[in-house]
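The numbering of the sequence shown is full-length UniProt numbering, which starts it at 2 and goes up by one.
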Amino acid sequence: SPPAIINPSVLSADFAELGKACRDAMDWSSDWLHLDVMDGHFVPNMTFGAPVIGKLRKHVDKPTEAGGKGTFDCHMMIAEPMRWASSFRDVGADMYCFHYEAAMTSVAAKEPADKDTSEKCSPKSLVRYIHELGMQAGIAIKPGTSVDVLWEILEAEDEKERPDMVLVMTVEPGFGGQKFMANQLPKVQALRKNYPNLNIEVDGGLAEGTIDQAAEAGANVIVAGSAVFGAKDPAHVISVLREAVNK
Ligand code: DX5
Ligand code: ZN
2 SPPAIINPSV
12 LSADFAELGK
22 ACRDAMDWSS
32 DWLHLDVMDG
42 HFVPNMTFGA
52 PVIGKLRKHV
62 DKPTEAGGKG
72 TFDCHMMIAE
82 PMRWASSFRD
92 VGADMYCFHY
102 EAAMTSVAAK
112 EPADKDTSEK
122 CSPKSLVRYI
132 HELGMQAGIA
142 IKPGTSVDVL
152 WEILEAEDEK
162 ERPDMVLVMT
172 VEPGFGGQKF
182 MANQLPKVQA
192 LRKNYPNLNI
202 EVDGGLAEGT
212 IDQAAEAGAN
222 VIVAGSAVFG
232 AKDPAHVISV
242 LREAVNK
């Protein structure tokens, strides 16, 4: 696997002090920051959108290289991922990770009258669009979605249509602090077997007790919300997570 990327989710931080949470996470030697955007439609919860992320950008230096330290990894748990991409780019998002399920059911994708828009909404075209906006592109799958939906896009002939990262959810998206679903790890194994250099992210229930199995399966981008922000010694937890992946 590629080197560990430890990616704390501020979902478990105090939302009234998000700027401090981001600065703290970087002080604890995080690599990236995971920003969970929820719209109350795709998932039964709401968080924040581009205006908040733009304010947070002022607390964390924009990475100098793609995927560098301070990468804002926006996990878009929203129904219309194409619609919001440019506004996230405008406020300094680095990674725009949309859900496969949302792209396939978005209004534009279901509107055959507007061919241009509906094509843009296919996962491949959405990845291309995100790249044209100058962001890295991630594609996420929920626990109920087969990993098999990803092979075609990972094999896209045009590299602009290939995602930079795949996110395998290890809980149902919507809330922090849920139980890790180990039955999702075969997806990670299958992806790693075929793509030794791909950034494979896992999100949900990652902690000191679950990291070893995730790392063994081949995950290298590790999201952790409650395990980091609920810890007595968050910097220690981050180093444990990192060592489990890099060993
Ligand atoms: C859940 C979010 C996660 C969440 C993980 O929908 O996508 O990023 O913050 O929280 P923990 O690490 O507590 O399971
Ligand atoms: Zn997330």
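Glycine included, C-beta positions come from ideal geometry on N, C-alpha and C.
Inset, instruction - Please find out if some non-hydrogen atom of the ligand ZN comes closer than 7 angstroms to the beta-carbon of S87. - result: no
Inset, instruction - For C23, I'd like the list of residues in its chain whose CB is within less than 7 angstroms of its CB, leaving aside the five on either flank, ordered along the chain. - result: V11, L34, L57, H60 and V61
Legend entry - A236 at chain E interface by Cβ criterion, 8 angstroms: The structure shown contains no chain E; it holds only a single protein chain.
Inset, instruction - Can you give me the start and stop residues for the alpha helix (DSSP H) that G55 sits inside? - result: A51 to R58
Inset, instruction - Determine the DSSP secondary structure at A228, reduced to helix, strand or coil. - result: helix
Inset, instruction - Could you say which of Q185, E158, V108 and G68 lies nearest to A141 if we only look at CA atoms? - result: Q185
Legend entry - Cα-Cα separation, V238 to P124: 35 angstroms
Inset, instruction - Let me know the secondary structure DSSP gives E202 once reduced to three states. - result: strand
Inset, instruction - Would you decide whether A215 is buried or exposed? Buried here means 16 or more other CB atoms lie within 10 Å of its CB. - result: buried
Legend entry - DSSP-derived helix/strand/coil call for G20: helix
Inset, instruction - Let me know the secondary structure DSSP gives P124 once reduced to three states. - result: helix
Legend entry - the region 196-212 contacting the region 172-181, beta-carbon criterion three pairs below 8 angstroms: yes
Inset, instruction - Confirm the yes/no value for this check: CB of S10, any heavy atom of the ligand ZN, distance under 7 angstroms. - result: yes
Inset, instruction - Collect the residues with a C-beta less than 5 angstroms away from any heavy atom of the ligand ZN and give them in sequence order along the chain. - result: D37, H76 and D204
Legend entry - For D74 and P197, the rounded distance between their alpha carbons: 21 angstroms
Inset, instruction - Report yes if the CB atom of H100 is closer than 8 angstroms to the CB atom of M83, and no otherwise. - result: no
Legend entry - N-terminal and C-terminal residue of the alpha helix (DSSP H) that F89 is part of: P82 to D91
Inset, instruction - Give the straight-line distance between the Cα atoms of N46 and I79, rounded to the nearest whole angstrom. - result: 10 angstroms
Legend entry - Identity of the residues DSSP links to Q137 by a beta bridge: M96
Inset, instruction - Could you give the DSSP three-state label for V172: helix, strand or coil? - result: coil
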